[in-house]
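Chains as they are written, first to last, in numbering that gives the first Met the number 0: chain C, 0 to 269; chain H, 0 to 329.
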Amino acid sequence: MFSLDAASGARCNSPAPSVRGFLRLTIALLLIGGMSVLAAQGMRDFHNRSEGTTARPNALEDFAIIGVHRSFRPFPRNANINVGFFLPTAPNNPPKTVFVEAAELQNSFHYLMRSKSSIAWKDGAWNVFAGWPTADVIDPLGVQSSNLGILAGYRIDNRPTVYLPVDVYHDDPKPVKLTYTFHFVTGQDLQTLDISVTNSNNPDVNLKKQLKCNTTFNRNCRLYAAGSTQAFDLDDMSSKPAGEYTLKLLGRAPGVTMPTSLSIVFYHRP
Amino acid sequence: MIAVVWIATGVAVLAAARLRPPTAATISLSVKQMSFRTDAPHILDQINEDELIVSGLQSLRIHFETPQAVAAAGAPVRATTMEIQGELGASCSFYHVRSGRLDFAGPSIVTVGAAARGNSNSFFLKTHGAVSANLTSQPAKSGSRPGFTCTRTRVNGGPAGEVVGNLSPQGGDSMSFTTFPDARLDFVPSAGAEIGYTQVPILGEIQFSYIDPRSAEEKTVLLPPPAGQKNEIKFEKLDKSVTLDNADLLRVVPDNELYLRRFVIDNGIHLNLHGVVRDIRVGAGVNDMTTHMPSYFDHLDGQKRFFTAVPALVALLLGILDRMRGLPET
């Protein structure tokens, strides 16, 4: 640990009390200034997570999923956020990497939170990522709960990530809704967005919906602008069996015949 | 004693060379986008839009000139007024409208960017801080008519869903909206519309760069300037200027008052900043940022005419005294 007395003594043989006081004050101010700069920028290490400001690389050209929520209760300042999700047991139980990630839906501060891989999660059970006080980073930055997208999921080897819809709350864990909300960034202007959900084990499951703007208003109308963050709800899946489902997004840009798409896998637990 | 004088002189020279006091500067740039914090109560003037998309819409109130057909979550409604509430992630597109100024609810972080596609004056505006504005529908033109489409919205407290509505073909419908604290507006102004604004106070540092989401690297936002203009920083009082490379990163730290004197959107954003700055750093990369602020020596150099005038004034005074025989005999 840095000792102010030792530091000042090393430079001056026996400084007068006022000089020593001035040196202490100067060094203390420099340290405080340095700490406030560190607090404002970069990632900070906590026992269960890294949290702070950084860029989250994203190689996806056309769509990027940044939040898969089931229930999201807005939280006030100085709250402790909990993230609940069901972690299924994979066949043969291979080792998997489980993560919880949070970022701004609309990027203002490059906020990012990543859970640590050292956390022990329970397979085949509801898990809660806790110990995430907003006072550490979220409140000082000014990130609003309405602008937070949270992803939980797991990866096994090189297989696609399986996303786990999350319940976010700070006091009452009871979910406010059971439908899933997907938050995404579109890299292209979109005139239509086709959303479909399928289950390879159950061909009867085929949820489909299409979102589109009205071309009678403007032939080149845009439903969503490139670079914007958007959201959609899936229809109620509470009657569907538990398992992995594939969500496919198919977007078409105005005046362009080539569509763009993204497929992701999520786990549904009724 | 002589040694002390030499040391003091050396320290003074070193300090004058190293210290860089806050200095008034004018910065002219062409950029793809810029982010700044401001306490301006509003921004932008009236704009005629072919299309305006509001992502993050919280509420929308419409007063139709004549009753209009609106489909709300699949159910048809005919109304003269309508209240629409947005859920998180709600988005509305408006066609053939004229928007008024955007009012901020308080100090906000604003990002203005030129759109990659669309007209030369298409642009987006992202805000961290709620905004509100009024819109007026315009008369229908051949091939297009005024209307709106919303997603994730409720009409008069009904179920959430998609809302599609016509606006009066003769125009004149009045709409006012408010956004959530984080919102984005995408403007496609009518062809030929002049887009710009003046006198925006800037609070805090401005970084003329963005984080590339693919590589997480900081990239420049500078663009080649229009013919006859330069991306440059001018310290007018010191008659010193710095021309920037179009691929440079740039950081500007205001001292107290810095203003976005004006910006114009036309194939990019062409802006002019003026005020007293504490630091200006320029570099080819994040670890190459060096200050371009003038030192005390530059300030003294800027006052060389004054220092040149001192001996002349002294000589003049001595001459006058000599003519008046006021100088003592040596």
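Glycine included, C-beta positions come from ideal geometry on N, C-alpha and C.
For a contact meaning CB atoms closer than 8 angstroms, what does residue i contact in chain H?
{"i": "V224 (chain C)", "result": "One detail in the question is off: residue 224 (chain C) reads as Ala in this sequence, not Val. Chain H residues near A224 (chain C): I52, S54, A114, F123, R183 and D185."}
{"i": "S199 (chain C)", "result": "Within 8 angstroms Cβ-Cβ: nothing; S199 (chain C) doesn't reach chain H, min ~29 angstroms."}
In the DSSP output, which residue or residues are listed as bridge partners for residue i?
{"i": "Q84 (chain H)", "result": "H:S58 and H:R153"}
{"i": "R77 (chain H)", "result": "H:A68"}
{"i": "M42 (chain C)", "result": "C:G51"}
{"i": "N230 (chain H)", "result": "None, per the DSSP bridge assignment."}
{"i": "K121 (chain C)", "result": "Its beta-bridge partners do not exist; DSSP assigns none."}
{"i": "G195 (chain H)", "result": "H:V263"}
Output the boundary residues of the alpha helix (DSSP H) element that contains residue i.
{"i": "P139 (chain C)", "result": "I137 to L140"}
In the DSSP assignment, the beta strand (DSSP E) including residue i goes from what residue to what residue?
{"i": "T256 (chain C)", "result": "Run containing T256 (chain C): none; DSSP gives neither H nor E here."}
{"i": "G274 (chain H)", "result": "I268 to G282"}
{"i": "V252 (chain H)", "result": "L248 to I264"}
{"i": "S199 (chain C)", "result": "Note, S199 (chain C): premise wrong, no beta strand (DSSP E); not H, not E."}
{"i": "R251 (chain C)", "result": "G242 to R251"}
{"i": "E100 (chain C)", "result": "T96 to E103"}
{"i": "T180 (chain C)", "result": "T180 to T185"}
{"i": "V241 (chain H)", "result": "K239 to T242"}
{"i": "T177 (chain H)", "result": "S173 to P188"}
{"i": "M112 (chain C)", "result": "Y110 to S114"}
{"i": "N79 (chain C)", "result": "N79 to L86"}
{"i": "Q229 (chain C)", "result": "T228 to D232"}
{"i": "Y153 (chain C)", "result": "L147 to R154"}
According to DSSP, simplified to helix, strand and coil, what is residue i?
{"i": "E217 (chain H)", "result": "strand"}
{"i": "A27 (chain C)", "result": "Reliability of the predicted coordinates at A27 (chain C) is poor, the pLDDT of 44 falling under 50, and the value obtained from them is presented with this limitation in mind. Three-state DSSP puts A27 (chain C) in a helix."}
{"i": "M34 (chain C)", "result": "With a pLDDT of 37 at M34 (chain C), under the threshold of 50, the modelled position of this residue cannot be trusted; read the value that follows with caution. Helix at M34 (chain C)."}
{"i": "L166 (chain H)", "result": "coil"}
{"i": "T307 (chain H)", "result": "helix"}
{"i": "H68 (chain C)", "result": "strand"}
{"i": "T133 (chain C)", "result": "coil"}
{"i": "V130 (chain H)", "result": "strand"}
{"i": "L51 (chain H)", "result": "strand"}
{"i": "D193 (chain C)", "result": "strand"}
{"i": "G117 (chain H)", "result": "coil"}
{"i": "D102 (chain H)", "result": "strand"}
{"i": "F1 (chain C)", "result": "Because F1 (chain C) carries a pLDDT of 31, less than 50, the predicted location of this residue cannot be relied on, and the following value inherits that uncertainty. Three-state DSSP puts F1 (chain C) in coil, outside helix and strand."}
{"i": "E204 (chain H)", "result": "coil"}
{"i": "N91 (chain C)", "result": "coil"}
{"i": "H291 (chain H)", "result": "coil"}
{"i": "T25 (chain H)", "result": "strand"}
{"i": "T379 (chain H)", "result": "Only positions 0 to 329 of chain H appear in this structure, which leaves residue 379 (chain H) out of reach."}
{"i": "Y266 (chain C)", "result": "strand"}
{"i": "N126 (chain C)", "result": "strand"}
{"i": "D166 (chain C)", "result": "strand"}
{"i": "K208 (chain C)", "result": "strand"}
{"i": "I319 (chain H)", "result": "helix"}
{"i": "A58 (chain C)", "result": "In this prediction, A58 (chain C) has a pLDDT of 49, which is less than 50 and means its spatial position is unreliable; what the coordinates show is noted afterwards. Coil."}
{"i": "L13 (chain H)", "result": "helix"}
{"i": "V175 (chain C)", "result": "coil"}
Taking Cβ-Cβ distances shorter than 9 angstroms, what residues in chain C pair up with residue i?
{"i": "D49 (chain H)", "result": "N217 and N219"}
Run through chain H and tell me which residues come within less than 9 angstroms of residue i, C-beta to C-beta.
{"i": "T228 (chain C)", "result": "S54, G55, G88, D181 and R183"}
{"i": "L261 (chain C)", "result": "Ordered by position in chain H, no residue passes the 9 angstroms Cβ test against L261 (chain C), which lies about 15 angstroms from the chain."}
{"i": "Q143 (chain C)", "result": "H127, F179, P180 and D181"}
{"i": "H169 (chain C)", "result": "Here the premise fails: no neighbours, minimum Cβ distance about 16 angstroms."}
How would you list, in chain order, the residues of chain H whose beta-carbon sits under 7 angstroms from the beta-carbon of residue i?
{"i": "N213 (chain C)", "result": "G146, T148 and V163"}
{"i": "N109 (chain C)", "result": "It should be noted that the sequence gives His, not Asn, for residue 109 (chain C). Within chain H, the residues near H109 (chain C) are I210."}
{"i": "D203 (chain C)", "result": "Ordered by position in chain H, no residue passes the 7 angstroms Cβ test against D203 (chain C), which lies about 24 angstroms from the chain."}
{"i": "D188 (chain C)", "result": "R116"}
In chain C, which residues lie with their C-beta within 7 angstroms of the C-beta of residue i?
{"i": "Y94 (chain H)", "result": "F216, N217 and C220"}
{"i": "G108 (chain H)", "result": "Reading off the sequence shown, one finds Ile at residue 108 (chain H), where the question assumed Gly. Those within 7 angstroms of I108 (chain H) in chain C are S107."}
{"i": "R334 (chain H)", "result": "Residue 334 (chain H) falls outside the range modelled here, since chain H spans only 0 to 329, and no answer is possible."}
By the criterion of Cβ-Cβ separation under 8 angstroms, what are the contact partners of residue i in chain C?
{"i": "S29 (chain H)", "result": "None at all; the shortest Cβ gap to chain C is about 20 angstroms."}
{"i": "I227 (chain H)", "result": "First, the amino acid is wrong: residue 227 (chain H) is Gly here, not Ile. The contacting residues do not exist; G227 (chain H) stays about 31 angstroms from chain C at best."}
{"i": "G142 (chain H)", "result": "R218"}
{"i": "R151 (chain H)", "result": "A230, F231 and D232"}
Three CB pairs or more closer than 8 angstroms across the region 139-156 of chain C and the region 233-248 of chain C: Between the region 139-156 of chain C and the region 233-248 of chain C there are fewer than three C-beta pairs closer than 8 angstroms, too few to call the two in contact.
Inter-stretch contact (C-beta, 8 angstroms, three-pair minimum) for the region 160-178 of chain H and the region 67-79 of chain H: yes
The region 54-65 of chain H / the region 172-182 of chain H touching (three or more Cβ pairs under 8 angstroms): yes
Touch test, the region 96-105 of chain H against the region 29-43 of chain H, Cβ-Cβ under 8 angstroms, three pairs minimum: yes
Three CB pairs or more closer than 8 angstroms across the region 164-174 of chain C and the region 65-76 of chain C: Contact between the region 164-174 of chain C and the region 65-76 of chain C is present, because at least three Cβ pairs lie under 8 angstroms.
Sufficient close CB pairs (3 or more, under 8 angstroms) joining the region 187-194 of chain H to the region 7-26 of chain H: No: the two stretches stay apart, fewer than three of their Cβ pairs being nearer than 8 angstroms.
Stretch pair the region 195-208 of chain H + the region 127-147 of chain H: three plus CB contacts closer than 8 angstroms: no
Stretch pair the region 76-92 of chain C + the region 116-133 of chain C: three plus CB contacts closer than 8 angstroms: yes
Touch test, the region 101-120 of chain H against the region 142-155 of chain H, Cβ-Cβ under 8 angstroms, three pairs minimum: No, they do not touch.
Three-pair Cβ contact test at 8 angstroms for the region 217-234 of chain C versus the region 194-206 of chain C: yes
Cβ contact check for the region 247-264 of chain C and the region 192-201 of chain C: 3 or more pairs under 8 angstroms: The count of Cβ pairs closer than 8 angstroms, one atom from the region 247-264 of chain C and one from the region 192-201 of chain C, reaches three, so the stretches are in contact.
Cβ pair count under 8 angstroms reaching 3, the region 79-94 of chain C against the region 42-49 of chain C: no
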